[in-house]
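J.: Numbers 357 to 445, taken from the numbering used here, label the letters of the sequence shown in order. Even glycine gets a Cβ: it sits at the ideal position worked out from N, Cα and C.
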Amino acid sequence: MHNDAPVYLCELVCLYQPTRTLRSANNNMLEVKGTRTKAGDCSFAVAAASLWNNLPTVIKTCDNLTSFKRLLKTHFFVSHINVIRHEHY
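As structure tokens, this is what we get:
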């Protein structure tokens, strides 16, 4: 989102541009391209956009790479712990 990624990856994803003014317009969302196959759903462009869009806004709007990494690591750790707890109950 801050032009820190390699060009070849940036070319695969696009910022979501709603046709109308929506509250979600400034949530740093990526456009999820429609596909017709499971293989298409697993492509980098679709999977990356879906994963990014599901992150909490505080992570997506982070303006510092170190903080972004820390928040992302914590988010995935907590998510994983919640999955493990859910499997045991």
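#1: Quick one: give me the first and last residue of the alpha helix (DSSP H) that residue 396 is part of.
#2: Mind checking whether residue 407 and residue 415 have CB atoms under 9 Å apart?
#3: Using 9 Å as the threshold, is the C-beta distance between residue 363 and residue 386 below it?
#4: Please report the distance separating the alpha-carbon of residue 426 from that of residue 375.
#5: For the alpha helix (DSSP H) containing residue 391, name the first residue and the last one.
T.: Put simply:
#1: Taking the first residue of the sequence shown as 1, we reach residue 396 at position 40. Residues 394-397.
#2: Looking up residue 407 in the sequence shown gives position 51. Looking up residue 415 in the sequence shown gives position 59. The answer is no: Cβ separation not under 9 Å.
#3: Mapped onto the sequence shown, residue 363 falls at position 7. Mapped onto the sequence shown, residue 386 falls at position 30. Contact flag unset, no.
#4: Along the sequence shown, one-based indexing puts residue 426 at 70. Along the sequence shown, one-based indexing puts residue 375 at 19. Distance between the alpha carbons of residue 426 and residue 375: 34 Å.
#5: The sequence position of residue 391 within the sequence shown is 35, counting from 1. Counting along the chain, residue 391 falls outside any alpha helix (DSSP H), and DSSP gives it neither H nor E.
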